[in-house]
Each structure stands twice: as structure tokens, then as C-alpha cells.
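In what follows, a single structure is set out as C-alpha cells and then discussed.
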Amino acid sequence: MERTLAILKPDCVRKNLIGKVISHIEEAGFKIVALKMLKLTVEQAKAFYSVHKEKPFYNDLVKFMNSGKVVVMVLEKDNAVNDFRELIGATDPKEAKEGTIRRLYADSKQENIVHGSDSVENAKIEISFFFSESELISNES
Ligand code: CMP
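Going by numbering that gives the first Met the number 0, the letters in the sequence shown line up with residues 0 to 140, in that order.
Written out as C-alpha cells, the structure reads:
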């Protein structure tokens, strides 16, 4: 079964939307394999988003991701990576399709409520960034 990494970002936590967003995720057929709440350090946020380090929004993104607690989750489903990206919608909530999580709840391109891995390969890297093997027990076992 395919896995993806989701992060409910500091804006999601601040707006008391954890439960609502998780309901969308579960109703869309994803199983939550692992979940934790934590505050990213500046170093962790920089490392997690290092692919964007040359982008003009990188420093603000790091500041935002360090501005409060996040919820990180490993989600499992057939076609999890692409289906999750469909469920959350485009980076810019104004461009996201009706009914997607970002269209419903996000305020801006930066404060866009949720992160989802963009490929199966990156999902593996991002999952191992936050979770050890022993925390990743499949729901089917
Ligand atoms: P995410 O899916 O977590 O991946 C990279 C993040 O960078 C993205 O969501 C946004 O939070 C942020 N981001 C991407 N593009 C922009 C932009 N043009 N301006 C500000 N933030 C951006």
C-alpha cells in the first residue's frame, strides 16, 4: 500500500482545524499509520524545505513553519501520494479546486494549511525525516 507524508501546518493548528482536516482525510479513504504533534526547530524547517532554499519565499516559509506546532502524519492508501495532492488542492488556495482542503481553509500560498509529499520517492524521504521504522506499523498488522 502506498504511503505519503502530511503536515498540518501552524495555521491549521492555530485555527483549531486539526479535527476538520483529519475528517476530510479519513472520509477520503486514507488510513492514518502514524501521527505526532511537534514544533519544528528552525534547523528542522530549513532541512525539510531545503529543496526550496534558493526560492524568494524560503526564509519566510521557514519562519512560518517554526511559528507554532504542527501535526505530522503518515497516510496509507492506494495511490496515496497523488490522491492526497488532489484532496488538498493547488498550493495557492485561490487556484485550488472547489471542495479541496486548501480551497476550504487556507488563506495564502504560504499559509496553506497542509503539506503533502509530491512523489513516492520524496514521501519515503519525508516519512523517515519524522518517523522511525518502529513507529510505522501498518494498520493491517
Ligand atoms: P508545501 O506544499 O508545503 O511546499 C512548499 C511550500 O512553500 C508550500 O506548500 C507553501 O507553503 C510555500 N510556497 C510555495 N510557493 C510559494 C510562494 N510563491 N509564496 C510563498 N510561499 C510559497
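All C-beta atoms, glycine included, are put in the ideal place defined by N, C-alpha and C. Predicted, not measured: the structure shown is a model, and the values here were computed from it.
Residue i Cβ short of 8 Å to the ligand CMP heavy atom set
| i | result |
| --- | --- |
| residue 104 | no |
| residue 99 | no |
| residue 40 | no |
| residue 107 | yes |
| residue 59 | yes |
Beta strand (DSSP E) segment containing residue i, residue limits
| i | result |
| --- | --- |
| residue 33 | 30-37 |
| residue 5 | 2-7 |
| residue 75 | 69-75 |
| residue 115 | 113-115 |
Cβ neighbour criterion (16 or more within 10 Å) applied to residue i
| i | result |
| --- | --- |
| residue 55 | exposed |
| residue 125 | buried |
| residue 12 | buried |
| residue 44 | buried |
| residue 46 | exposed |
| residue 50 | exposed |
| residue 129 | buried |
Where the alpha helix (DSSP H) through residue i begins and ends
| i | result |
| --- | --- |
| residue 51 | Per DSSP, residue 51 belongs to no alpha helix (DSSP H) and is neither H nor E. |
| residue 24 | 17-26 |
| residue 87 | 79-87 |
| residue 123 | 119-129 |
Sequence-distant residues of its chain with Cβ nearer than 7 Å to residue i (five each side left out)
| i | result |
| --- | --- |
| residue 149 | This structure gives no information on residue 149, because the portion of the chain shown stretches from 0 to 140. |
| residue 87 | 99, 100, 101, 113 and 115 |
| residue 122 | 2, 3, 4, 80 and 116 |
| residue 60 | 48, 51 and 109 |
| residue 22 | none |
With three or more C-beta pairs closer than 8 Å as the rule, is the segment 92-102 touching the segment 55-74? Counting Cβ pairs under 8 Å, fewer than three are found: no touch.
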